[in-house]
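Just below is one structure, and these are the notes that go with it.
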Amino acid sequence: MDVNITGPKVLWTSPWSIPVLGPFRLTETILISWVVMALITLLCIWLTHDLKVEKVTKRQAFAEMLVETADKFVIGNMGEKFAYFVPFVAALFATSLVSNLIGLFGVWSPTADLNTEAAWAIVVFTIITSQKIKAGGLGGYLKGFTQPIAVLTPFNVLSELATPVSMACRHFGNILSGVVISTLVYGALAVASSKLLGLIPGAVGAVLSHVPILSVGVPAILSVYFDWFSGVMQAYIFCMLTTMYIANAAEG
Amino acid sequence: MGNQELVTIVPWTLIAQLLNLFLQMFLIKKFLFKPIRNVLQKRKELADAQIAEATKAKDEALAMKSEYEKNLSDAREKAGDILATAQKSATKQSEDILREANEQAIALKAKAEKDIAQEKRKAVNEIKDEIGDMAIEIAGKVIERELSAKDHEKLIDEFIEKVGEQS
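Structural data, given as structure tokens:
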């Protein structure tokens with residue numbers, strides 16, 4: 047039995063090609079991302095239809111709670127002056143969370159593709175850098191790399207670049223490891239049940255050995271950790287780091 | 343078809359995911375934050391308006407209360423004045439009545455004294471006449487003769503004078 051762990055399927059490749067970027071390839075990552083976005087947006091629309099000032103429904107109370115929680119999280123970590131970051135952090139968290147959990151439905155998780163996290167980390171890195179330049183000016187920003195002594199400049203540049211790389215890889219690694227481990231466990235359990243049931247002599251054993259009976263139950267327990275816990279934690283950690291890094295950058 | 347490698351950076355996918363993030367941010371802002379913030383703002387305005395209204399009502403009530411208290415104290419003062427006036431007039435009236443009664447009593451007493459004096463005089467006259475007659479009769483019987491009218495009168499007058507002096 048072969049167990050293959052590969053990247054997302056490429057669903058369509060454009061006939062045209064742009065220099066450097068090459069032909070556009072529509073992968074599962076992009077497609078499922080659109081599904082995730084559609085889900086989040088529909089949920090938002092459903093939550094906020096028919097809003098009332100008085101006598102709110104449970105649905106509206108939940109929506110208000112979401113907004114207030116996002117406000118509290120961002121303002122608590124970054125301060126009142128960064129209140130305009132609330133939609134950005136909320137989008138980051140919602141996309142990350144839904145992307146992580148959508149793997150539970152057996153589809154490709156967009157966050158199991160490094161490109162997704164890399165894109166987010168690039169955005170966060172850009173914001174961090176712009177906040178640093180805003181706080182200390184371009185000269186102050188560049189001078190910061192030579193502190194405390196000029197010899198350390200390469201290391202400072204490296205550590206600056208390590209921030210987005212570590213953010214992206216942490217999130218990606220956690221989700222991918224979940225995918226890898228559950229694939230391995232599925233494969234192993236299928237082989238084990240095939241061998242176990244193959245011990246039954248005759249035609250009954252031959253039929254039953256094709257049913258991966260041991261695959262029921264055990265992967266579900268693993269999924270509690272790798273999909274649910276890890277999925278929620280990584281979304282939270284990514285947003286937490288985003289707010290912290292940006293707030294720190296603004297302090298100069 | 344085919345598969346992308348497991349760990350790789352594909353510029354197109356990266357760009358697509360970058361745009362997706364911004365699009366998602368815009369969508370969440372439009373469909374979740376904007377309507378919810380709107381309704382929260384409206385609720386806050388409503389609460390503020392109600393508080394302002396309540397404050398206004400309280401101020402009005404306090405103004406009314408002070409006005410009522412002022413009116414009440416005015417009324418008390420007026421009532422006191424009225425009472426004092428009434429007492430004064432009552433005292434005066436009672437004094438008048440007493441004085442009048444006194445005067446009347448004095449007048450009555452005077453009249454009664456006058457009447458008594460008159461009665462006395464009348465009684466004296468009557469007795470005088472009677473005594474005169476009696477004296478004439480007695481004298482006639484004593485003397486057993488008729489006295490001349492002239493003698494009579496003389497005798498009577500003398501007698502009366504004596505009686506008058508004695509009474």
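Chains as they are written, first to last, in the working numbering: chain A, 47 to 298; chain P, 343 to 509.
The beta carbon of each residue, even a glycine, is placed where N, CA and C say it ideally should be.
It should be emphasised that the depicted structure is a prediction, and the values quoted were computed from it without experimental measurement.
Interface residues of chain A facing residue i [CB-CB closer than 8 Å]
i: P/I370; result: I86, T87, C90, P133, A136, A137, A140
i: P/N345; result: T52, G53, P54, K55, V56
i: P/R385; result: V99, E100
Pairwise C-alpha distance: residue j and residue i
i: P/Q366; j: A/G219; result: 23 Å
i: P/A391; j: P/A405; result: 21 Å
i: A/A208; j: A/K241; result: 47 Å
i: A/I91; j: A/A137; result: 15 Å
i: P/L388; j: P/D401; result: 20 Å
i: P/S415; j: P/D423; result: 12 Å
i: P/K386; j: P/R379; result: 10 Å
i: P/Q429; j: P/A449; result: 30 Å
i: A/E126; j: A/L147; result: 31 Å
i: P/F364; j: A/L89; result: 18 Å
i: P/E395; j: A/K189; result: 58 Å
i: A/V99; j: P/L382; result: 7 Å
i: A/G152; j: A/G185; result: 50 Å
i: A/F70; j: A/N202; result: 36 Å
i: P/K483; j: P/K464; result: 28 Å
i: P/E461; j: P/K420; result: 60 Å
i: A/G224; j: A/L150; result: 11 Å
i: A/F108; j: A/S276; result: 24 Å
i: P/V466; j: P/T427; result: 57 Å
i: P/E507; j: P/D475; result: 19 Å
i: A/I221; j: P/K398; result: 60 Å
i: A/M213; j: P/K372; result: 28 Å
i: A/I246; j: P/Q346; result: 41 Å
i: A/T143; j: P/I370; result: As written in the sequence, residue 143 of chain A is Leu, which differs from the Thr given in the question. Approximately 14 Å, taken between the alpha carbons.
i: A/P61; j: P/T355; result: 16 Å
i: A/W274; j: A/R216; result: 16 Å
i: P/R418; j: P/L425; result: 10 Å
Selection from the options that minimises the alpha carbon distance to residue i
i: A/S79; options: A/L254, A/F119, A/W154, A/T289; result: A/W154
i: A/F284; options: A/K178, A/T141, A/I86, A/D159; result: A/T141
i: P/F368; options: A/I76, A/A84, A/T75; result: A/A84
i: A/I292; options: A/A129, A/I173, A/S223; result: A/I173
i: A/S63; options: P/T397, P/I485, P/P353, P/Q446; result: P/P353
i: A/A158; options: A/M111, A/V231, A/G248, A/Q280; result: A/Q280
i: A/I321; options: A/A249, A/A236, A/P247; result: In the structure as shown, chain A begins at 47 and stops at 298. Residue 321 of chain A is therefore absent and cannot be evaluated.
i: P/I351; options: A/T289, A/G68, A/P61; result: A/G68
i: P/E479; options: P/N467, P/L348, P/L497, P/V466; result: P/L497
i: P/Q359; options: A/I246, A/V169, A/L112, A/L287; result: A/V169
i: A/V113; options: A/L204, A/F134, A/L287; result: A/F134
i: A/L287; options: A/V211, A/A249, A/Y187; result: A/V211
i: A/P182; options: A/N294, A/A252, A/L254; result: Note on identity: in this sequence residue 182 of chain A is Gly, with Pro being the wrong assignment. Ranking the options by Cα distance to A/G182, first place goes to A/N294.
i: P/I357; options: A/L160, A/T52, A/M124; result: A/L160
i: A/T175; options: A/K101, A/E206, A/S255, A/W166; result: A/E206
Partner residues on chain P for residue i, Cβ-Cβ distance less than 7 Å
i: A/C161; result: Residue identity check: residue 161 of chain A is Asn in the sequence provided, not Cys. By Cβ distance, chain P contributes I351, V352, T355, L356, Q359.
i: A/L93; result: L374
i: A/V169; result: L360, L363
i: A/T73; result: Q346, T355
i: A/C67; result: Just to set this straight, residue 67 of chain A is Leu in the shown sequence, not Cys. Under the 7 Å cutoff, chain P gives P353, W354.
i: A/S79; result: Q359, N362
Own chain residues within Cβ distance below 8 Å of residue i, not counting five before or after
i: A/K180; result: A296
i: A/V257; result: S239, L243
i: A/Y282; result: F139
Proximal residues of chain P, C-beta to C-beta of residue i below 9 Å
i: A/I76; result: W354, T355, A358, Q359, N362
i: A/W166; result: Q359, L360, L363
i: A/M83; result: N362, L365, Q366, L369
i: A/L207; result: The premise fails here: A/L207 is roughly 14 Å from chain P at the closest Cβ pair, so nothing lies under 9 Å.
Same chain, Cβ closer than 7 Å to residue i, neighbours up to 5 away in sequence not counted
i: A/T199; result: F191, T192
i: A/S228; result: P265, L268, S269, F272
i: A/V132; result: A116, D117, V120
i: A/W58; result: L72
i: A/P156; result: T75, I78, S79, V82, S145, T162
i: A/R105; result: L93
8 Å Cβ cut-off: residues of chain P touching residue i
i: A/V113; result: L374, F375, I378, R379, L382
i: A/F70; result: W354
i: A/I51; result: L348
i: A/L184; result: Those within 8 Å of A/L184 in chain P number zero; the least Cβ separation is about 24 Å.
Any non-hydrogen atom of the ligand ZN within 6 Å of residue i CB
i: A/V170; result: In terms of ligand content, the structure shown is empty, and the ligand ZN therefore cannot be addressed.
Partner residues on chain A for residue i, Cβ-Cβ distance less than 7 Å
i: P/L388; result: V99
i: P/E395; result: Under the 7 Å cutoff, chain A gives no residues; its nearest Cβ is about 16 Å from P/E395.
Listed by chain order, chain D residues near residue i by CB distance under 9 Å
i: A/E110; result: In the structure shown, chain D does not exist; the protein chains are A and P.
Beta-carbon proximity list for residue i, same chain, < 6 Å, skipping 5 on both sides
i: P/K470; result: I502
i: A/K55; result: E74
i: A/V250; result: none
i: A/L167; result: Note on residue identity: the sequence assigns Ala, not Leu, to residue 167 of chain A. P210, M213, A214.
Query - Sequence ranges, alpha helix (DSSP H) only - wholly within the segment 60-106 of chain A, length at least 4 - result: 74-94
Query - Runs of beta strand (DSSP E) wholly within the segment 384-432 of chain P (minimum 3 residues, chain order) - result: none
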